[in-house]
Amino acid sequence: MTRNDITAEALTLTLADARRLRADRARQVADVLRRQVLYGEFRSGALPAEAELVREFGTSRNTVREALDLLRAEGLVERCPGVGTLAVAEKYPHGLERLLGLAETLREHGEVANEVRTTGLITPSREISARLRRPPGEPVVYIERLRRLNGLPLSLDLTYIARDLGEPLLAEDLARTDIFVLLERIAGQPLGLAEVTLEAVNADPHSAATLDAPRDAALLVLERLTHLADGRPVDLEFIRFRGDRIAMSGTLRRTRP
Numbered sequence: 013m014t015r016n017d018i019t020a021e022a023l024t025l026t027l028a029d030a031r032r033l034r035a036d037r038a039r040q041v042a043d044v045l046r047r048q049v050l051y052g053e054f055r056s057g058a059l060p061a062e063a064e065l066v067r068e069f070g071t072s073r074n075t076v077r078e079a080l081d082l083l084r085a086e087g088l089v090e091r092c093p094g095v096g097t098l099a100v101a102e103k104y105p106h107g108l109e110r111l112l113g114l115a116e117t118l119r120e121h122g123e124v125a126n127e128v129r130t131t132g133l134i135t136p137s138r139e140i141s142a143r144l145r146r147p148p149g150e151p152v153v154y155i156e157r158l159r160r161l162n163g164l165p166l167s168l169d170l171t172y173i174a175r176d177l178g179e180p181l182l183a184e185d186l187a188r189t190d191i192f193v194l195l196e197r198i199a200g201q202p203l204g205l206a207e208v209t210l211e212a213v214n215a216d217p218h219s220a221a222t223l224d225a226p227r228d229a230a231l232l233v234l235e236r237l238t239h240l241a242d243g244r245p246v247d248l249e250f251i252r253f254r255g256d257r258i259a260m261s262g263t264l265r266r267t268r269p
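In this text, residue positions in the sequence shown follow the working numbering: the first is 13, and each later residue adds one.
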């Protein structure tokens, strides 16, 4: 290898390192701006001008532009010539610290409407029977709802409920009332705790069509097993949220292991 070859290789590595560092920095800027966009911190709808963002983040104009391109690819902003960068999306916060129904959680953000798609008795799988502590083969009540916030599809809820509480539930107004509220009324006691698992999945064709989401879009799947105050498990849910319309949040406290 000649001296010129070594110099050219070193220059190539230097340029690659520079691009990588700029990409890293762009992601850092995008992470901060994403939260501000999603939580409505740009009240006018317009993000600060590029020059202002350069000063705020202490970075280059190219880095700021890469960060804005990342947000545009996510569908969060639009870049309009002569106007600037406009926020076009907002997420709704869903806390993980309190056991609430969706309408209770989002009451400050608008009206939750439920489209009841399916209800009835089914014979569940052994796994669902075990989770609800019911004998194998005993029917449970199944409820499927499409839930909208201010008219926009937000979640697809698949719910399994113990029969003795679920059958009276079917006579209630499921289109306008959270199941949690109805369960407490029917059971004559409050709900106690819930075991929760949250993961991201790609939307299957049926879920995507129901939620009016792109095929393979990211969904947040919340699996929640809810118990009455006396400890009995009564409600097992698999909730598919549109990942572009909901954000899960909570406060964690560190304790000694």
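Cβ atoms here follow ideal geometry from the backbone N, Cα and C, with glycine treated the same way.
Quick one: what does DSSP say residue i is sitting in, helix, strand or coil?
i: PRO165; result: strand
i: PHE250; result: strand
i: VAL95; result: coil
i: GLU12; result: For the chain, the structure presents residues 13 to 269; residue 12 sits outside this window and is missing.
i: GLU184; result: coil
i: GLU62; result: helix
i: GLY178; result: helix
i: SER56; result: coil
i: THR222; result: helix
i: PRO147; result: coil
i: ARG244; result: coil
i: THR75; result: helix
i: THR171; result: strand
i: THR130; result: strand
To the nearest angstrom, report how far apart residue i and residue j are at their CA atoms.
i: ILE251; j: ALA63; result: 42 angstroms
i: LEU23; j: THR75; result: Below a pLDDT of 50, predicted positions are generally treated as unreliable, and LEU23, at 49, falls in that range; no measurement from the model is reported.
i: ALA206; j: LEU33; result: 43 angstroms
i: PRO93; j: ALA61; result: 12 angstroms
i: GLU179; j: VAL233; result: 26 angstroms
i: LEU98; j: PHE69; result: 19 angstroms
i: LEU237; j: ARG119; result: 23 angstroms
i: ARG157; j: THR117; result: 17 angstroms
i: ASP247; j: GLU86; result: 35 angstroms
i: PRO105; j: SER261; result: 7 angstroms
i: HIS121; j: SER167; result: 15 angstroms
i: VAL44; j: THR71; result: 14 angstroms
i: THR135; j: LEU195; result: 21 angstroms
i: ASP256; j: GLY149; result: 38 angstroms
i: ARG145; j: GLU249; result: 15 angstroms
i: ARG268; j: ALA220; result: 42 angstroms
i: THR130; j: THR222; result: 13 angstroms
i: VAL95; j: GLY243; result: 57 angstroms
i: ARG265; j: LEU111; result: 18 angstroms
i: PRO217; j: ASP169; result: 16 angstroms
i: SER137; j: GLU109; result: 30 angstroms
i: ALA215; j: PRO147; result: 32 angstroms
i: ARG91; j: ASP81; result: 9 angstroms
i: LEU133; j: ALA230; result: 31 angstroms
i: GLY163; j: ARG31; result: 43 angstroms
Are the beta-carbon atoms belonging to residue i and residue j less than 8 angstroms from one another?
i: TYR172; j: ILE140; result: yes
i: ALA35; j: LEU83; result: no
i: ALA212; j: ARG254; result: no
i: ALA115; j: VAL128; result: no
i: LEU182; j: ILE191; result: no
Just to confirm my understanding: we take residue i, look at its own chain, exclude 5 residues before and 5 after, and list those with CB closer than 6 angstroms. What are they?
i: VAL66; result: ARG73 and VAL76
i: PRO165; result: LEU223 and ASP224
i: GLU235; result: THR209 and PHE250
i: ALA58; result: GLY96 and LEU98
i: VAL193; result: none
i: HIS239; result: GLY204, LEU205 and PRO245
Beta-carbon of residue i versus every beta-carbon of chain B: anything under 8 angstroms?
i: THR263; result: Looking for chain B here will not work: only one protein chain is present.
By Cβ distance below 8 angstroms, which residues in the same chain neighbour residue i in space, the five residues on each side in sequence not counted?
i: ARG188; result: ALA125 and ASN126
i: SER241; result: Reading the sequence as shown, one finds Ala at residue 241 and not Ser. Correct list, in chain order: GLN201, PRO202, LEU203 and GLY204.
Just to confirm my understanding: we take residue i, look at its own chain, exclude 5 residues before and 5 after, and list those with CB closer than 7 angstroms. What are they?
i: ASP185; result: none
i: ARG143; result: LEU237, PRO245 and LEU248
i: ALA79; result: ALA38, VAL41, ALA42 and LEU45
i: PHE54; result: GLN48 and ALA99
i: ARG159; result: LEU114, VAL124, ASN126, LEU166, SER167 and ASP169
i: GLY107; result: THR117, SER261 and GLY262
**Request:** Determine, using beta-carbon pairs with one atom in the segment 176-190 and one in the segment 140-155, whether at least three such pairs fall under 8 angstroms.
**Result:** They touch, by the three-pair rule.
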